[in-house]
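Numbering (the numbering used here), first residue to last: 118 to 427.
Note that beta-carbon positions come from the ideal geometry of N, C-alpha and C, so glycine has one too.
Notes follow once the structure below has been shown.
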Amino acid sequence: MIELPITSSINPAAPARVKKPDWLRVKLPIGENYKHVRGLVDTHKLHTICESGNCPNMGECWGAGTATFMILGNVCTRSCGFCAVATGRPEPVDWDEPQRVAEAIHLMKVKHAVITSVDRDELKDGGAEIWHNTIRAVKTLNPDTTLETLIGDFKGNKPDIQRVIEAAPEVVSHNIETVERLTRKVRIQAKYWRSMEVIRTLKEGGMRTKSGIMLGLGETKEEVLQTLRDLRDNGCDVVTIGQYLQPTQKHLPVQRFVHPDEFAEYREAGYEMGLDYVESGPLVRSSYHSERHVFAGLGRLEWEKSRSAQ
Numbered sequence: 118m119i120e121l122p123i124t125s126s127i128n129p130a131a132p133a134r135v136k137k138p139d140w141l142r143v144k145l146p147i148g149e150n151y152k153h154v155r156g157l158v159d160t161h162k163l164h165t166i167c168e169s170g171n172c173p174n175m176g177e178c179w180g181a182g183t184a185t186f187m188i189l190g191n192v193c194t195r196s197c198g199f200c201a202v203a204t205g206r207p208e209p210v211d212w213d214e215p216q217r218v219a220e221a222i223h224l225m226k227v228k229h230a231v232i233t234s235v236d237r238d239e240l241k242d243g244g245a246e247i248w249h250n251t252i253r254a255v256k257t258l259n260p261d262t263t264l265e266t267l268i269g270d271f272k273g274n275k276p277d278i279q280r281v282i283e284a285a286p287e288v289v290s291h292n293i294e295t296v297e298r299l300t301r302k303v304r305i306q307a308k309y310w311r312s313m314e315v316i317r318t319l320k321e322g323g324m325r326t327k328s329g330i331m332l333g334l335g336e337t338k339e340e341v342l343q344t345l346r347d348l349r350d351n352g353c354d355v356v357t358i359g360q361y362l363q364p365t366q367k368h369l370p371v372q373r374f375v376h377p378d379e380f381a382e383y384r385e386a387g388y389e390m391g392l393d394y395v396e397s398g399p400l401v402r403s404s405y406h407s408e409r410h411v412f413a414g415l416g417r418l419e420w421e422k423s424r425s426a427q
């Protein structure tokens, strides 16, 4: 994949690179299951955020026979300072893509699938129709497979968000990514409160909702806690919290590597605030262990059991 220059995410005053700590160990992609998924992705000409986003868990997830598919191409119209997906002018919409994704999920025989997409701001509906068609195609061909969809903000357009709701995936995720103060730098074309409104709209539409936060971009502990409160207040059920890793020298630098103990503190705080499921750790990403996020009450039940056993 050719990465286009992302000038808006270059930081000429970036500090010296922070040394990666020992607790950030990534498993190499090996094994027969990994090769099987690799072959399906290539055969069906599909895109995955695992590859396009340089996900550190690709080896583990593909080795377990799962992958997060990325629809609407692999070129994004936005230029977020943290994201490895190429920015530029996307190819025309591929209306056959929904069926290919559904067939690949069928061949993988997975019980839970995750689908995300690039942002397509040049489209009148932001890609909502392709989203709707993909969800319906997956559910038709794979009636026993649960589905999480990780969507963009559709510029806050409620009719477009409603198209996703109408297709009825089990979980709809929209990542807040960072704290309010850093949003303009990290998510250049996005807005913190617009994303919160997207989550509220999804919740009001009856969806099980989810969001994710990256740490290590310069946020304070209180800002992280406030973001968790804002997510809770806007109807978010599941929150994932992970360490930001700089994809290339062109992207925002890591300000610090957050210790696992601090991630554990945020997990405790999230549950104490009333969130239903909190996944928090250095290598946690949006789709990590997502098959567990479908079940309401599971995370909170396990947390309560662990507290009572102490």
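Go to ARG115, then tell me how far its beta strand (DSSP E) extends in each direction, as first and last residue. Absent from the model: residue 115. The displayed extent of the chain is 118 to 427, so no value can be given.
For a quick check, are the C-beta atoms of LEU319 and ILE278 less than 8 Å apart? yes
Using DSSP with H/G/I as helix, E/B as strand and the rest coil, what is GLN343? helix
Sheet register partners of TYR394 (DSSP bridge): VAL355
LEU400 burial status per 10 Å Cβ neighbour count (16 or more: buried): In the assembly as shown, LEU400 is a buried residue. Its beta-carbon has 16 or more other beta-carbons within 10 Å.
Exposed or buried, LEU418, counting other C-beta atoms within 10 Å across all chains shown (16 or more means buried)? exposed
For GLU239, which residues of its own chain have a beta-carbon under 6 Å away from its beta-carbon, when the five flanking residues on both sides are left out? THR194
Endpoints, the beta strand (DSSP E) within which ILE232 is located: 229-234
Own chain residues within Cβ distance below 6 Å of TRP248, not counting five before or after: Closer than 6 Å at the Cβ level, and outside the excluded window around TRP248, lie VAL281.
Could you name the residues of the same chain whose beta carbon sits closer than 8 Å to that of LEU415, not counting the 5 residues immediately before and after it, in chain order? TYR394 and ARG409
With distances taken from CA atoms, which of GLY387, ARG134 and MET225 is nearest GLN343? With respect to the C-alpha of GLN343, the residue from GLY387, ARG134 and MET225 having the closest C-alpha is GLY387.
Alpha-carbon spacing of PRO215 relative to ARG206, whole angstroms: Each residue's Cα considered, the two are about 21 Å apart.
In terms of residue numbering, what span does the beta strand (DSSP E) encompassing LEU404 cover? In the sequence as displayed, the identity of residue 404 is Ser instead of Leu. Looking at the DSSP string, SER404 is not in any beta strand (DSSP E), and its letter there is neither H nor E.
Sort GLU389, VAL235 and ARG402 by Cα distance to GLU421 and report the nearest one. GLU389
Tell me which residues share the same chain as SER117 and place their Cβ nearer than 7 Å to its Cβ, disregarding the 5 neighbours each side in the sequence. Outside the shown range of the chain, which is 118 to 427, sits residue 117, and nothing can be said about it.
Please identify the residue among ILE222, HIS223 and PRO286 whose C-alpha is closest to the C-alpha of VAL411. PRO286
Coarse secondary structure for PHE186, derived from DSSP in three states: strand
Near GLU168, what residues of its chain come up, given a Cβ to Cβ distance below 6 Å and the 5 sequence neighbours on each side ignored? In this predicted model, GLU168 has a pLDDT of only 47, less than 50, meaning its place in the structure is not dependable; the value taken from the coordinates is given anyway. Nothing listed; no residue qualifies.
On the DSSP letters alone, give me the boundaries of the alpha helix (DSSP H) that SER312 sits inside. Segment 309-321, the alpha helix (DSSP H) holding SER312.
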